[in-house]
Every structure is written in C-alpha cells, then in structure tokens.
Amino acid sequence: MTRTLEIATTYNKKYYDICGKKMIETFIKFWPKDVTLYAYWEEQEPEIFADNVKYVNLLESQPELVKFVKRNKDDPKKNGWREDRQKWVWKNDGVKFSYKVFAQTHRLKNTTSDRILYLDADTFTFDTPDMNYIDEILPEDNLCSFLGREKHYDETGYYFHNSAHPKAKAWANRLEEIYIKDELWGLAQQVDCYTMYWGRQSFLDCKQFDLNAYHGGFGKSHPFVNTKLGTFLDHLKGFARKEQGHSKTTDFKGKGLDNLKHDYWKTRQNG
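Heads up: the sequence shown begins at 33 in our numbering, then just goes up one per residue.
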C-alpha cells in the first residue's frame, strides 16, 4: 500500500524574498500533484497558488510559540548574544531557530498523511523527485529519518517524519516541551539542529534512520546534497550558497561526487 506524503517548510518575509518564493515555485514545477506542500508563513501572506500548496499562518496556529518568543525576545543572551565572545553566535539563538521546530510539530499533530518531509525554505527542486528513493529513506517502522553527523548534532535542513508511527504525536510533544518548559536554555546549544537532536534522544527505543550513515557518511559540512537528494534537490545552506545561488561543487565528496554528473550541477562548476 502506498504511503501518503506531505512536504512542509516555513519562512518569514525576508526569507521568502531570498528563497521561499523560489522554493514554492520549484516545488510546483517538479513534484507530483498528489504531494502537498504546507508552507508555514509569517509576515508574507500567500501569493502563489496551486491545488497542492496549502498555507498555514504559523503564529496563529502555534500559540505556544508566540508565548515562547514573547518571554524571550528581549533577552540578548537568548537571541544568540555571547558576552564572552562579544558577538552574536547563531548556535545560541534559541528564539530565531524555534519557528521551524513548531512548524514541524504542528504538521505532525494535524496531518492526515503517513509521512511529512520537512525541507528548509532555501531548498530548491531542480528535477523530478525520485519517489522510490523517498520511500527507501524512511522505512515504515522508523520514527524519523535524519541527517546525522558523527560527534555532532543533526543537520536539520532535512527531517523526514513518520506521522503514522505510534509515537509520532509523543515525538511532536517532546520537541515542543523543550521550548515550552525552557529546557533548551540548559543545553550546550539552542539552535534547532541541537534541540531536535536532543529531543530525538528520548526515542532511542524507536528505530530511527540516519540518512548520512546510510550512504556511508559525508562528514558534517553539507551531507544533504551528497545523498541522492542531491540529484533533484539543492539546499542553499548558509549565506555563501545563497549569494552564489546554489551549493558549491566543493561540497561534494566520495560517492556524492556522482551527483555532479547531473546537468544541474554541470552548469554550476564554479566552486
């Protein structure tokens, strides 16, 4: 029996202008029409419409997120300011990186689909997705599929949730709890990469699919494009890739170098 699939993403006005708009446009162009994108938005009201694109006002749908942001937004430390380093450090900005977690938990609690593939809004589709591969990387008995990084936290531009799993709702509740109970302020880092990794440790009794390890491991820098996702998706992680308009060819290593045979990457052989 075919498992149903949704895609989820989130953005604010600034991020929409930089990449979110293109993310939606390329989704519409390449993804099957029976796969729906749920775009969780702030500030930027919907302007691109298709039968398989749905919009959710993130702040209206997640009052606990609003409470979390309200009680922490005026504290520089909780917005990434490091007094010891006298600068903003993204790994400690718990407020900024809370939104994407609450977008995923809302989808998990409200979906009727068997699976939810979360992709950052700086992820563009450039070819028809390999649906057999997508089936392969989240086995039916696994809670989630993630990009693990050895001796490091998860890479969360990709997170694949098994919403049909018996513990899917508990997984969503646990992630929210880290923020609602202010647990994240006691963690080593407050970025979503770390809080989702931390929440995942509560479910080690469940099977979890490490996509990076599945392919033999591509290090901690940019494993996303080195997997077979990189044959139809480009994740413009970080400022430099967004300025360049695509991932760097130097991001590829080992077996991931095979992805460079795709026409998309052949026209982007410049660093």
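The beta carbon of each residue, even a glycine, is placed where N, CA and C say it ideally should be.
In this text, all values refer to a predicted model and were calculated from it rather than measured experimentally.
Query raised in the report: Is there contact here, the stretch 96–106 with the stretch 181–198, by at least three beta-carbon pairs under 8 angstroms?
Result: no
Query raised in the report: From what residue to what residue does the alpha helix (DSSP H) around Asp137 run?
Result: Here residue 137 refers to the residue found at position 105 when the sequence shown is read from its first residue. Note on identity: in this sequence residue 137 is Thr, with Asp being the wrong assignment. Tyr131 to Asn142 is the span of the alpha helix (DSSP H), which, as asked, contains Thr137.
Query - Rounded C-alpha distance that separates Phe134 from Thr160 - result: Here residue 134 refers to the residue found at position 102 when the sequence shown is read from its first residue. Here residue 160 refers to the residue found at position 128 when the sequence shown is read from its first residue. Looking at the two C-alpha atoms, the distance is approximately 29 angstroms.
Query raised in the report: How long is the line joining the alpha carbons of Asp146 and Leu261, rounded to whole angstroms?
Result: Here residue 146 is taken as the residue at index 114 of the sequence shown, counted from 1. Here residue 261 is taken as the residue at index 229 of the sequence shown, counted from 1. Their Cα atoms are separated by approximately 20 angstroms.
Query raised in the report: Tell me which same chain residues have a C-beta within less than 6 angstroms of the C-beta of Asp125, skipping the five on either side of it?
Result: Position 93 of the sequence shown, counting from 1, holds the residue named residue 125. Counting only Cβ-Cβ distances below 6 angstroms, and skipping sequence neighbours, we find Asn111 and Gly112.
Query - Status (buried if at least 16 other CB within 10 Å, exposed otherwise) for Leu175 - result: Numbered from its first residue, the sequence shown carries residue 175 at position 143. Leu175 should be labelled buried.
Query raised in the report: Which ranges would you report for the beta strand (DSSP E) in the stretch 228–279 if only whole runs of at least 3 residues count?
Result: 239–242 and 265–267
Query raised in the report: DSSP three-state call for Glu38: helix, strand or coil?
Result: Within the sequence shown, the letter at position 6 stands for residue 38. Looking at Glu38 - three-state DSSP - the assignment turns out to be strand.
Query raised in the report: Is Gly112 helix, strand or coil when you go by DSSP?
Result: Here residue 112 refers to the residue found at position 80 of the sequence shown. Here Gly112 sits in coil by DSSP.
Query raised in the report: Apart from the five residues on each side of it in sequence, which residues of its chain come closer than 6 angstroms, Cβ to Cβ, to Arg206?
Result: Position 174 of the sequence shown, counted from the start, is the residue given in the question as residue 206. If we look at Arg206 and ignore the five residues flanking it on each side, its Cβ neighbours are Gly231 and Ser234.
Query - Identity of the residues DSSP links to Ser177 by a beta bridge - result: Position 145 of the sequence shown holds residue 177. Beta-bridge pairing links Ser177 to Phe192 and Phe241.
Query raised in the report: From which residue to which residue does the beta strand (DSSP E) around Leu69 run?
Result: The count along the sequence shown starts at 1 and reaches residue 69 at position 37. Unbroken beta strand (DSSP E) run through Leu69: Thr68 to Trp73.
Query raised in the report: Do Thr42 and Glu74 have their C-beta atoms within less than 9 angstroms of each other?
Result: What you label residue 42 is simply residue 10 of the sequence shown in a count that begins at 1. What you label residue 74 is simply residue 42 of the sequence shown in a count that begins at 1. Their beta carbons are under 9 angstroms apart, which means Thr42 touches Glu74 by this criterion.
Report task. Assign Thr34 to buried or exposed, taking buried as 16 or more other Cβ atoms, counted over all protein chains shown, within 10 Å of its Cβ. Result -> Here residue 34 is taken as the residue at index 2 of the sequence shown, counted from 1. That one is exposed.
Report task. Can you say whether Ala272 is buried or exposed, counting buried as having 16 or more other CB atoms within 10 angstroms of its CB? Result -> Looking up residue 272 in the sequence shown gives position 240. Exposed: under 16 other Cβ atoms inside 10 Å.
Query raised in the report: Could you give the distance in angstroms between the alpha-carbon of Asn291 and the alpha-carbon of Thr263?
Result: On the sequence shown, position 259 is the one that residue 291 refers to. On the sequence shown, position 231 is the one that residue 263 refers to. The straight-line gap from Cα to Cα measures roughly 6 angstroms.
Query raised in the report: Where His267 and Asp154 are concerned, what is the direct C-alpha to C-alpha distance, given to the nearest angstrom?
Result: Stepping through the sequence shown from its first residue, residue 267 is reached at position 235. Stepping through the sequence shown from its first residue, residue 154 is reached at position 122. So the two alpha carbons sit approximately 6 angstroms from each other.
Report task. Starting from Lys99, trace the beta strand (DSSP E) both ways and give me its first and last residue. Result -> Reading the sequence shown from its first residue, position 67 is the one you call residue 99. Not the beta strand (DSSP E): Lys99 falls in the alpha helix (DSSP H), residues Pro95 to Asn104.
Query raised in the report: Hey, quick one: how far does the beta strand (DSSP E) through Arg117 stretch, first residue to last?
Result: Locating residue 117 in the sequence shown gives position 85, where the first residue counts as 1. Counting along the chain, Arg117 falls outside any beta strand (DSSP E), and DSSP gives it neither H nor E.
Query raised in the report: Any idea what DSSP makes of Ile50, helix, strand or coil?
Result: Counting from one through the sequence shown, the residue named residue 50 turns up at place 18. Ile50 falls in the helix class under three-state DSSP.
Query raised in the report: Quick one, which of Asp295, His184, Gly286 and Tyr150 has its alpha-carbon nearest Tyr72's?
Result: Within the sequence shown, the letter at position 40 stands for residue 72. Comparing Cα positions, the closest option is Tyr150.
Query - Member of Trp63, His294, Lys274 and Thr58 whose CA lies at the smallest distance from the CA of Ile166 - result: Position 134 of the sequence shown, counting from 1, holds the residue named residue 166. Per the Cα distances, Trp63.
Query raised in the report: How about the stretch 172–186 and the stretch 235–244: do they share at least three Cβ pairs that are nearer than 8 angstroms?
Result: yes
Query - Which of helix, strand or coil DSSP assigns to Thr160 - result: In the sequence shown, counting from the first residue as 1, residue 160 sits at position 128. Coil at Thr160, not helix or strand.
Query - Alpha carbon of His138 to alpha carbon of Thr58, nearest angstrom - result: Here the question's residue 138 lines up with position 106 in the sequence shown. Here the question's residue 58 lines up with position 26 in the sequence shown. Spanning the two alpha carbons is a distance of roughly 24 angstroms.
Query raised in the report: Between Pro78, Lys54 and Asp83, which lies nearest to Asp66 when the distance is taken from Cα to Cα?
Result: By 1-based counting over the sequence shown, the position of residue 66 is 34. Cα-wise, what sits closest to Asp66 is Asp83.
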